[in-house]
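Those letters in the sequence shown? Residues 5 to 134, per our numbering, in order. Where a beta carbon is used, it is the ideal one built from N, C-alpha and C, also for glycine. Some notes on the structure that comes next.
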Amino acid sequence: MYEDGYITENELKQAFLESITYTFRKNKVDMLAPHFVQWIIEELEKQYDKETLFKGGIVVKTSLDYEMQKLAEESMLANMGVLQENGANNSAMIYLDSKNGDVLAYAGSINYFDEKIEGQNDMIRRPRQS
């Protein structure tokens, strides 16, 4: 800016003396049933290239019942105290239609956005230790 004449030499020196504070915002995306959405995206990526998947205008219909999803999430939160008393800090839940196997609710952790419990890890599909 100094070289192009926008600021004086004095302003340039002053700018170097000022301390700069950066504040980074956490990238939080509001997403309903985020673990379910991630699972569906991963399945679709096996069938479509990313360009088609994200810009191709495909319509995806799923079996998720959002009212059932909310009930699953609420019941997980309601029972978290009991789990914590027994040393657990997370929970997962999946509801299936027993007639056809459709996924009606899918919560891979108690809070997808909680980094302390690694909420983005999907406990339903994560490999288990033996």
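Anticipated Cβ contact below 8 angstroms, residue i with residue j, distance rounded
i	j	result
M72	S95	That pair is no contact at about 16 angstroms.
I98	I128	5 angstroms
Residue i versus residue j: straight-line alpha-carbon distance, rounded
i	j	result
K59	D101	31 angstroms
N93	I121	7 angstroms
Q51	I44	11 angstroms
K54	G85	41 angstroms
N104	Y110	16 angstroms
CB of residue i within 8 angstroms of CB of residue j, strictly
i	j	result
V107	L57	no
Residue interval of the beta strand (DSSP E) (run including residue i)
i	result
M97	M97 to L100
T36	A small correction: the amino acid at residue 36 is Leu; Thr does not occupy that position in the sequence shown. Neither: L36 is in no beta strand (DSSP E) and is coded neither H nor E.
V107	V107 to A111
Of the residues the options, the one placed nearest residue i, counting alpha carbons only
i	options	result
N115	Q88, A37 and S23	A37
F117	A109, R130 and M35	M35
V41	A19, E13, V64 and E22	V64
Endpoints, alpha helix (DSSP H) assigned at residue i
i	result
Y70	Y70 to A82
A19	E13 to L21
E55	K54 to K59
Below-8 angstroms beta-carbon distance, residue i vs any chain B residue
i	result
Q124	Of the protein chains in this structure there is only one, and it is not chain B.
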